[in-house]
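The sequence shown runs contiguously to residue 559 in our numbering.
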Amino acid sequence: MAESAKIVDLQLTLKPFYQRAAEAEERLSRLEATLNNKEDARNEENTKVINDLQSKLKAANAEIVSEKEKVVLIDVLFIYITFSKWFNIIPHY
């Protein structure tokens, strides 16, 4: 009987500690949820920035391709004019 009284006393003594531990776990859970929400918002913002940069990169690459095509066309025209002068070929329109 003395043993059971000691167990009850121990449980009563530890009860406030268990309550505080449960409250701390609840607060920690809320903090983790808040942190996850902030991380999700940051991830969403980063995704938007990445998508914007990818769009700009695609546009820049398309412009580079266009400029390269112009350079090739100018080179062909230059070669044509040069050979026309060398061989005294004058186009008639």
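Backbone N, C-alpha and C define an ideal beta-carbon position, used for all residues, glycine too. Please read these numbers as outputs of a predicted model, since none were measured by experiment.
In this structure, the alpha-carbon of V515 lies about 22 Å from that of I530.
Between the alpha carbons of D518 and E510 lies a gap of roughly 12 Å.
Collapsing the DSSP output to three states places N527 in a helix.
In the three-state DSSP reduction, F544 falls in the helix class (H, G or I). Shown here, N554 sits in coil according to DSSP, grouped into three states, outside any helix or strand.
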